[in-house]
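Structure first, then comments.
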Amino acid sequence: MSDEGIVLDGAKVFWQGLLPRLKAERLVLGLSVVLALLAAFAGIPVLAILPLWIVFVAALLSRNAAPARPVAAAASTQAEKGGDPLIPVLNALDMPVIVIAADETVLFQNVAAEKAFGTIPPESYLSARVRSPGILDMVRETIATGKVNQIEHTERLPSDAVYVVRVAPADIGAGDSGRRVFLLTYRDISQARRIDRMRSDFVANASHELRTPLASLRGFIETLQGPARSDPKAQEKFFGIMHEQVTRMSRLVDDLLSLSRLELKAHIAPEDRVDLVPLLGHVRDSLAPLAEALDVTVALDVPGAPVFVQGDRDELVEVFENLVENACKYGQEGKKVDVRLTGGEGGGAEVAVTDYGPGIPAEHVPRITERFYRVNVEASRSKKGTGLGLAIVKHILTRHRARLLIHSEVGKGTVFTVRF
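At position 237 of the sequence shown (counting the first as 1) the number is 237 in UniProt numbering, and the numbers step up by one without a gap.
Structure, rendered in structure tokens:
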């Protein structure tokens, strides 16, 4: 509801309450008028009497005025005093519910509706608050026909939200005292829509990632069957490229299977105790050939005492292998990667993986853990990345109830911190 609408409704309530108070105090008001006239006849200036009389009348009327409180809360209290058992039930629902009369005025809204759409003063018209022509037309059709209707509605402000809006008639009471009202309900399906969109994007991205190497393999096979049938040098070259493409597809399928397994057990926290000190040493040793090939030094800084966390050893190895391998590949220019473990002895453990490469532009940082998201597509593919490594890291850490913090400065490098 706009500020102007709220002001108009407040003025309406004020003037509706003024007349009963004037009637209640008519005797005292009449006496005050007589006294004012006698004072004027006695020679007291009217300009001196009038302000005092106005102050007296205002104090008299405010004495019987009802205490100010939210209109919707007052209506709810009146309904509860009237013994309507539906009010507590509607307020207990987590779904916004608005009760409408046959003349399209709002009779009641539950607590969930107030939180979602703000307070709607009772007896105000629904069209003063709901601006969607589709919802208003649906409500009018149900009022006219008595049939249940529903539509899908998207709210853009304050944030995107998708609702299934349903209106249905309800008969309250029986006999001559009964009346028909209409319940307007909003079922939030925003999360379901986001999941559907993510699933569609995932299928599209996975199909695209697989289609490229498959198309490449098909082209090379056709070439080997045709023009290069009798060319040993071309065959050797093409077989090498085909092997790279098959390896790429194999990595992609392995990563997709890892994601699927992680999603199936995302709600189950691991129960084993894992010492991070030897685990990080194992990660460094296993990636030593890659680091040497890239001319990168991996420096490990760990405490002398064990640092235990609750987790799955194989999954944590996969996390730190992904982070250190990415740091070696994409921070190759810095020639160095630091892996530092802190915490332990009752405190939360932290592992920071730091590279000194080109860094990540700020606009890309919030999205780099998304599936198939790449800052630089060509650079990622040239370094044999699948676009799923950080998504796998994020899923594993979510299962371990841990966080991944990313800090990067362009030209200075990037720090990935795993906080348990």
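Virtual Cβ for every residue (Gly too), placed ideally from N, Cα, C. Computed from a predicted model, the values in this text were never measured in an experiment.
Going by other Cβ atoms of all chains shown within 10 Å of its Cβ, with 16 needed for buried, is residue 243 buried or exposed? exposed
With DSSP collapsed to three states, give me the class of residue 297. strand
Buried versus exposed, by CB contacts within 10 Å (16 or more), residue 280: buried
Residue 410 to residue 111, Cα distance in whole Å? In a straight line, the C-alpha of residue 410 is about 48 Å away from that of residue 111.
Classify residue 257 as buried or exposed, calling it buried when 16 or more other Cβ atoms lie within 10 Å of its own Cβ. Classification of residue 257: exposed, given that the 10 Å Cβ count is below 16.
Hey, would you say residue 311 sits closer than 8 Å to residue 400, going by beta carbons? yes
Would you kindly work out how many angstroms separate the C-alpha atoms of residue 162 and residue 192, rounded to a whole number? The straight-line gap from Cα to Cα measures roughly 9 Å.
Report back the beta-carbon spacing between residue 274 and residue 341 to the nearest angstrom; my notes put them in contact at under 8 Å. Actually they do not touch by this definition, with Cβ atoms about 12 Å apart.
Straight-line Cα distance separating residue 232 from residue 219: 17 Å
Taking just the CA atoms, how far does residue 211 sit from residue 328? If you take the alpha carbons of residue 328 and residue 211, they lie about 28 Å apart.
Compute the Euclidean distance between the alpha carbons of residue 4 and residue 105, then round it to the nearest angstrom. Residue placement at residue 4 is flagged as unreliable, the pLDDT there being 46, under the threshold of 50; the coordinate-derived value follows with that caveat. The straight-line gap from Cα to Cα measures roughly 18 Å.
List the whole-angstrom C-beta distance separating residue 297 from residue 305, where the pair is believed to meet the contact cut-off of C-beta under 8 Å. Residue 297 to residue 305, Cβ: 25 Å. No contact.
Range covered by the beta strand (DSSP E) that runs through residue 188: 179-188
Cβ neighbour criterion (16 or more within 10 Å) applied to residue 128: buried
Can the beta-carbon of residue 100 be found less than 8 Å from the beta-carbon of residue 214? no
Given residue 422 as reference, the closest of 357, 375, 358 once Cα atoms are compared: What the structure shows of the chain is the stretch from 1 to 420, and residue 422 is not part of that stretch, so it cannot be assessed.
6 Å CB neighbourhood of residue 414 in its chain, flanking five on each side removed: 355, 359, 360, 408
When you compare only the Cα positions, how much space is there between residue 319 and residue 196? Approximately 27 Å between the Cα atoms of the pair.
Name, in chain order, the residues that DSSP records as bridge partners for residue 358. None; residue 358 has no bridge partner.
DSSP-derived helix/strand/coil call for residue 342: DSSP, reduced to helix, strand and coil, places residue 342 within a strand of the structure shown.
Shortest alpha-carbon distance to residue 265 belongs to which of 398, 130, 247, 417? 398
Span of the alpha helix (DSSP H) holding residue 277? 276-286
Note down, one range per segment and in chain order, each alpha helix (DSSP H) of at least 4 residues found wholly within the stretch 104-158. 111-117, 133-145
Nearest to residue 396 (by Cα), restricted to the options 348, 149, 255: 255
What is the DSSP secondary structure of residue 230, counted as helix, strand or coil? Looking at residue 230 - three-state DSSP - the assignment turns out to be coil, as it is neither helix nor strand.
Would you mind working out which of 103, 241, 88, 250 sits nearest residue 217, comparing C-alpha positions? Ranking 103, 241, 88, 250 by Cα distance to residue 217 puts 241 first.
Measuring only the C-alpha atoms, how far is residue 418 from residue 350? 6 Å
Short Cβ contact (8 Å threshold) for residue 263 with residue 287: Not in contact: residue 263 and residue 287 (Cβ atoms no closer than 8 Å).
Among 402, 181, 87, which residue has its Cα nearest to the Cα of residue 348? 402
Can you name the residues that DSSP bridges to residue 405? 417
For residue 98, the residue or residues it bridges with in DSSP: 109, 184
So which of 142, 133, 114, 115 has the shortest CA-CA distance to residue 103? 142
According to DSSP, residues forming a beta bridge with residue 350: 342, 419, per the DSSP bridge assignment.
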